[in-house]
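Working notes, structure below.
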Amino acid sequence: MAELNEQLRKLGEDVKAEKDRNTTLTEQLKERDREAVALQNAVDAQNQTLAELRAKLADDSRKLAQLTADYAGVVRAVKEQKEEVSGMHSELGLLKSRLDESKTEIARLEKENAGLRDRLVVLGDINGDGKADVSDALLVLEKLLSGADVAYTPGADANRDGKVDVGDVLLILNKSLVE
Ligand SMILES: [Ca+2]
Ligand SMILES: [Ca+2]
Numbered sequence: 002m003a004e005l006n007e008q009l010r011k012l013g014e015d016v017k018a019e020k021d022r023n024t025t026l027t028e029q030l031k032e033r034d035r036e037a038v039a040l041q042n043a044v045d046a047q048n049q050t051l052a053e054l055r056a057k058l059a060d061d062s063r064k065l066a067q068l069t070a071d072y073a074g075v076v077r078a079v080k081e082q083k084e085e086v087s088g089m090h091s092e093l094g095l096l097k098s099r100l101d102e103s104k105t106e107i108a109r110l111e112k113e114n115a116g117l118r119d120r121l122v123v124l125g126d127i128n129g130d131g132k133a134d135v136s137d138a139l140l141v142l143e144k145l146l147s148g149a150d151v152a153y154t155p156g157a158d159a160n161r162d163g164k165v166d167v168g169d170v171l172l173i174l175n176k177s178l179v180e
């Protein structure tokens, strides 16, 4: 009977020990669950951060693409402006040489024109009949004697000394006598 009691007591101890072990295991399992939840939360947070980073990267990529396109545009514009400046430069050179040619041509024409004018003016012809004779000499003389200012005309300045005076009258007379 004592032996049976002893066996029962041992069995009771074993059961208690097994219960304790189960309790410990349950606690450990609960702890594992808490850890798993915390881990899952950490993973979720990491995924959130990762998603934000990916979005930022995509945004930065778009900005970079835009900047690259803008830069390419600026490079093209500068190149075009350089070509434009170069074109304007050569056009300017062309215009300058044309201007020089025009100046030369104008000088030549003015000289030619002066020559033509000289040929048109019959020296000593005051009344405009195309020849210098006594009547012209008398006209100049009259004006000189009247004391009036004698207006300078290329025709009246027969000796071409820049003024109209008696010297021109004499020359006109001489010419009219010779012709
Ligand atoms: Ca005349
Ligand atoms: Ca004169």
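What the sequence shown shows, in the working numbering, is residues 2 to 180, in sequence order.
Beta carbons are placed, not taken as given, at the ideal position from N, Cα and C, and that holds for glycine.
Of all C-beta pairs linking the stretch 131–138 to the stretch 167–174, three or more are shorter than 8 Å, placing the two stretches in contact. According to the DSSP assignment, I173 belongs to the alpha helix (DSSP H) that extends over V167 to V179.
Per DSSP, reduced to three states, the secondary structure at I107 is helical.
The alpha carbon of G168 has as its nearest neighbour, out of G131, G125 and Q82, the alpha carbon of G125. Of the candidates L145, A157 and G116, the residue whose Cα lies closest to the Cα of N128 is A157. Secondary structure note for V141: its alpha helix (DSSP H) is the uninterrupted segment V135 to L146. A buried status is given to A159, since no fewer than 16 other beta-carbon atoms sit within 10 Å of its beta-carbon. For G131 against V122, the beta-carbon gap comes to about 11 Å, at or over 8 Å, which does not count as contact. Counting only the Cα atoms, N48 lies some 14 Å from K57.
Residue state for K132 is assigned as coil, using DSSP reduced to three classes.
Annotation for A108 indicates a beta carbon at 8 Å or more from all heavy atoms of ligand 1. Of the heavy atoms belonging to ligand 1, none sits nearer than 8 Å to the Cβ of K112. Assignment of V79 by DSSP, reduced to helix, strand and coil, places it in the helix class. A direct Cα-to-Cα measurement between K11 and L26 gives close to 22 Å.
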